[in-house]
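Sequential numbering of the sequence shown, starting at 187, is according to this note's numbering. All C-beta atoms, glycine included, are put in the ideal place defined by N, C-alpha and C. Everything numeric in this text was worked out from a predicted model, so none of it was measured. Remarks on the structure that follows.
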Amino acid sequence: MTSVPGRRSSTFTRLLRHGFTDPSAAGRLLDLPELASVRADPVLLEALGATADPDLALRALVRLAEAQEPGERQILLDTVITAKPLRDRLLGVLGASEALGDHLARHPRDWQALVTYEATDLHPGVPEFERMLDEVVDPDSLRVAYRRALLSIAARDVCGTTDVSEVAAELADLATATLRAALALARAEAPADAAQCRLAVVAMGKCGGHELNYVSDVDVIFVGEPVDGVEETKAVQAAARLAAHMMRICSDTTVEGTIWPVDANLRPEGRNGPLVRTLSSHLAYYQRWAKTWEFQALLKARPVAGDPALGAEYVEAVSPLVWQAADRENFVADVQKMRRRVVATIPVDRVDREIKLGPGGLRDVEFAVQLLQLVHGRGDSSLRSGSTLEALSALADGGYVGRADAAQLDEAYRFLRAMEHRIQLYRLHRTHLVPEDEADLRRLGRSLGLRTDPVTELNRAWRRHASVVRRLHEKLFYRPLLDAVAQLAPGERRLSAKAAVIRLEALGYADPAAALRHLEALSSGVSRKAAIQRTLLPVLLGWFADSADPDAGLLGFRQVSDALGKTPWYLRLLRDEGAAAENLARVLSAGRLAPDLLMRAPEAVAILGDPEGLKPRSREHLEQEVLAAVRRAPDAETAVAVTRGVRRRELFRTAAADLIGSYGTEENPAEPDPGALVDRVGPAVTDLNAATISGALRAAVRERWGDTLPTRFAVIGMGRFGGHELSYGSDADVLFVHEPREGVGDEEAARAANAVVTEVRRLLQLPTADPPLLIDADLRPEGKSGPLVRTLKSYAAYYRRWSAVWESQALLRAEPMAGDADLGRDFIAMIDPLRYPAEGIGDDAVREIRRLKARMETERIPRGADPTLHAKLGRGGLSDVEWTVQLTQLRHGWAEPGLRTTSTREALAAACAAGLIGHEEARTLDEAWVLATRVRNAVMLVRGRPADTFPSAPRELAAVGRYLGYEPGHVGDMLDDYRRITRRARAVVEELFYGAAGWRPAVRGGVPNRPMTHSR
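Set out below in structure tokens:
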């Protein structure tokens, strides 16, 4: 396009205006002699400018013209200028697909396949595609003919002659014709094999569903049977050779490229199973061994090649099994777990660009639709389509999905599929990643008709449609349940009550009739409350169904809503605070403890919507609140009732944070470090119990003595309380110490100290709606036979004269918790030489500790309990780890300051750092201790009462598993893992505690019972 000086800018500008991004290069291409006859024709520039990528289209047109024979080049160019249908088709393809441009340059006459414009060309089916492949004589000619047929499909696609579902159906029909041609080639090369067997090729996946991509694995299953007179084994072997040859024809890469891989991994046993099976072998596998996902895959099974009668027999035989899949245990959980697993396998740097597998992608729609098909297709054959869009339409027609939701999902799915098609069409590569390069995004946007600002418009539309899918794909299951009970919009087709019960059963509800009654109570009517509930419930029901006890979650939500439904802030909190609703769903459906705490004061639900609300309050903060409440209260009982209310609220905060951290949410995944969860719960419960005791102590003193007790008084935490390792159900192990004030006699001081102890214990155990705090002082000198409270001198005298080694061990956990801080410090200074004796404890003391531990192992585990699953006293459990660590402290604490801690984990880490315990041994002990602690926490959260063993009820056991991070159906794995981890820990205990020589005491009578009480 040579121009005189001054006209250069005019040509440059015109090319820019027509969408060229490199006008200089385009100008040079237009100046080539091959385009001399058409370069000045404005029709050409207009047509190029209408393509997705004018630069690409022009380069490909020049290559195509160069490849023509001299006499045929002008025919091509004249046809491009004069025949608009051909011009739009050809240039449209050249501007959208570099790969098809390459094909045309290699096969320059194939452009003529786009010239005809008959009615049959608009919507070809399998017969038309078979005719296109009629002249195939070898694999390479099949590849060429396949690309020629693909060229015609792409041309109709980019011109808008066919919509995305028609394109996908045409691609599936072309795949069918191609499989038939490839099988014919394989048969022709191995006539002996062909004569021995009947072979049917059954399409699966997108090909089976009549919704194939441009570039996709074609999933198939092979069924083989012998012909009369041939032994079955030989026939199956012959069929396998034919099938393998057919796969190679389609999958091999030559100078003509490849067609697509044929993937037979959906067959029984996957790649480990035989390539071809007989029909009876298929059925035997599906009836006995198949997993849920295999029935989901069979939903799209469609015979496409080989023996049509055998293929039809196969589909007819497996179809009843497909529609019984929803009756399987954990059916919905299995399907949803598979979806989560798919997302989890996407590399983090790609998940935001994954149009197929990422959140809000195509797979979300497909999984949701297939799940609803399998649940309701049992009784409604209209839902049994292999096509996602057809099935979605049928679900809407039947009332199984809301019409508005179905329409939005249909639009989003079509847009995402169109994006996927155009991404793959460019280079005919199998990819589902949205490109990052600006030029690629521009071409993609223009190919979808976005011309003003293609990149911005594309990103906006993509994110909008993905957001719709993300929002709807879970709600799709649950919104029709509300429509079934809310009785709104007369004339709208609704889910029947029977279908609603079926769906709730499939989603894991044990009492679907009761669940429907709760839904009706929550969502019926025209009030603002009911309207907001109808918006919230579809999402909440999904979160409930993701738990071990959906029924409890829904019941709890109804109870909280009944209590707070008229409170303006409650529904606003759930509606507007994104995390609050999900947090509430997790808490209500995870067990009994947290809901019980919440029901006593439902306003605590506000904690769940505050970003800072789940963080534990410090002891100083709690004591300030408690002591201020005590000052305002008219009497001690009122004061402690308020104090216990604060404790209940804080227990709920701690339990809620623990559950949410263990389960994770959509925005925040589960805490990966279980030790971090344990380290939050123990100190939090310890601090709030310490603050509660401080409040009760202040209230008791104030009631009888005013501001000052006649004796200084301190509460020393022991056991798990002193170690900051309390679980939800732990008592508070304490020692009480007092010291008479100046001028106060010993007897008066002792009476006052004993009175205040009695009153504190009474106040903390009064029957109220709040959980009691049990005070256990059995670790005091002389145990239950000794005085409840002693002076500092009395303690010192006892320990100096009578102390046993087990008491030194128990004092390792002593730490002041309430009362006179100076007296608490004096007590600690007095006991330090006992628990960290100079040069460590002697050999006799070590033997005594070992003897006590051995006796505890044989006598204290409850009769009938499984010692391999007892978290406290069982093999490798809490006691094993703690006694091992405490023995190390008693022996080396005098020399290693890091060992002078009441915390098991801190002492274990210090022992490892000092080289007293090997790194691997320390890790093994720590892992077992954390796991056993979490098991105790889980049991309390799930059952609402403490226990040291796994629950026996299946639903409770499943809930413990979910808390510990196990998916539904994997409680066996949980128990196996617990036994494995604690078995390893026990081996370390054998080495470190009992000694390498395998020391074992002969447990005899005469060992006092009292020492057995200190491992708490």
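How would you write the range of the beta strand (DSSP E) that residue i sits in, first residue to last?
i: His-924; result: 918-926
i: Glu-1001; result: 1001-1005
i: Arg-1077; result: No beta strand (DSSP E) holds Arg-1077; the alpha helix (DSSP H) holding it covers 1064-1078.
i: Val-901; result: 897-903
i: Thr-977; result: 975-977
In whole angstroms, what is the alpha-carbon distance linking residue i and residue j?
i: Gly-278; j: Leu-636; result: 15 Å
i: Leu-800; j: Glu-806; result: 17 Å
i: Thr-199; j: Pro-209; result: 8 Å
i: Arg-1190; j: Ala-1040; result: Reliability of the predicted coordinates at Arg-1190 is poor, the pLDDT of 35 falling under 50, and the value obtained from them is presented with this limitation in mind. Arg-1190 and Ala-1040: Cα-Cα distance of roughly 11 Å.
i: Pro-1002; j: Ile-1014; result: 8 Å
i: Glu-857; j: Arg-833; result: 25 Å
i: Arg-329; j: Asp-438; result: 10 Å
i: Val-816; j: Asn-940; result: 21 Å
i: Asp-343; j: Val-350; result: 8 Å
i: Arg-1037; j: Glu-852; result: 51 Å
i: Leu-770; j: Arg-1169; result: 37 Å
i: Gln-719; j: Pro-953; result: 36 Å
i: Leu-1094; j: Ala-1139; result: 35 Å
i: Ala-982; j: Leu-808; result: 32 Å
i: Leu-1073; j: Arg-966; result: 21 Å
i: Leu-575; j: Pro-1048; result: 59 Å
i: Gly-205; j: Asp-239; result: 8 Å
i: Ser-567; j: Trp-509; result: 10 Å
i: Arg-203; j: Gln-260; result: 27 Å
i: Ala-1188; j: Gly-868; result: Interpretation of Ala-1188 is limited by its pLDDT of 43, a score under 50 that renders its predicted location unreliable; the figure taken from the coordinates is listed afterwards. So the two alpha carbons sit approximately 36 Å from each other.
i: Asp-821; j: Arg-888; result: 9 Å
i: Thr-302; j: Ala-767; result: 59 Å
i: Arg-986; j: Gly-1026; result: 17 Å
Can you check which of these residues, the options, is closest to residue i by C-alpha distance?
i: Pro-219; options: Ser-733, Leu-263, Phe-198; result: Leu-263
i: Gly-972; options: Ile-407, Thr-1044, Asp-917, Leu-921; result: Leu-921
i: Phe-601; options: Arg-1169, Asn-645, Arg-589; result: Asn-645
i: Trp-729; options: Val-441, Phe-743, Ala-955, Ala-717; result: Phe-743
i: Ala-780; options: Gly-915, Ser-505, Glu-499; result: Gly-915
i: Gly-836; options: Leu-784, Ser-848, Val-991, Leu-863; result: Per the sequence shown, the amino acid found at residue 836 is Glu instead of Gly. Here the closest residue by C-alpha is Leu-784.
i: Leu-398; options: Ala-430, Leu-360, Gly-410; result: Leu-360
i: Ala-211; options: Ala-222, Ser-223, Thr-197; result: Thr-197
i: Ser-775; options: Arg-1148, Ala-331, Leu-662; result: Arg-1148
i: Tyr-400; options: Ala-426, Ala-938, Leu-337, Leu-371; result: Leu-337
i: Arg-616; options: Pro-228, Ala-372, Ile-445, Ala-251; result: Ile-445
i: Ile-961; options: Ala-990, Glu-933, Ile-902; result: Ile-902
i: Ala-372; options: Gly-410, Glu-411, Ser-402, Val-323; result: Val-323
i: Asp-591; options: Arg-613, Lys-542, Lys-661, Pro-640; result: Lys-661
i: Arg-948; options: Arg-987, Ala-886, Ala-990; result: Ala-886
Look up residue i in the DSSP assignment and give the residues it is bridged to.
i: Cys-383; result: Pro-412
i: Ala-491; result: Val-387
i: Leu-619; result: Glu-540
i: Gly-443; result: Thr-440
Under DSSP, the alpha helix (DSSP H) around residue i begins and ends at which residues?
i: Glu-1203; result: Past the edges of the chain, shown from 187 to 1202, lies residue 1203, and the structure says nothing about it.
i: Thr-944; result: 932-950
i: Thr-1168; result: 1157-1178
i: Thr-754; result: Going by the sequence as given, residue 754 is Pro instead of Thr. That run of the alpha helix (DSSP H) goes 754-762.
i: Lys-270; result: 270-282
i: Arg-249; result: 240-253
i: His-1105; result: 1105-1129
i: Pro-1154; result: Here Pro-1154 belongs to no alpha helix (DSSP H), and DSSP marks it neither H nor E.
Less than 8 Å separating the beta-carbons of residue i and residue j?
i: His-562; j: Ala-685; result: yes
i: Pro-1162; j: Tyr-1152; result: Here residue 1162 turns out to be Asp, not Pro, going by the sequence shown. No.
i: Leu-595; j: Val-551; result: yes
i: Val-587; j: Leu-634; result: no
i: Leu-230; j: Ile-267; result: yes
i: Val-404; j: Gly-492; result: no
i: Glu-316; j: Ala-381; result: no
Please indicate yes or no: does the CB of residue i lie closer than 7 Å to some heavy atom of the ligand MG?
i: Leu-693; result: This structure does not include the ligand MG; it has no bound ligands of any sort.
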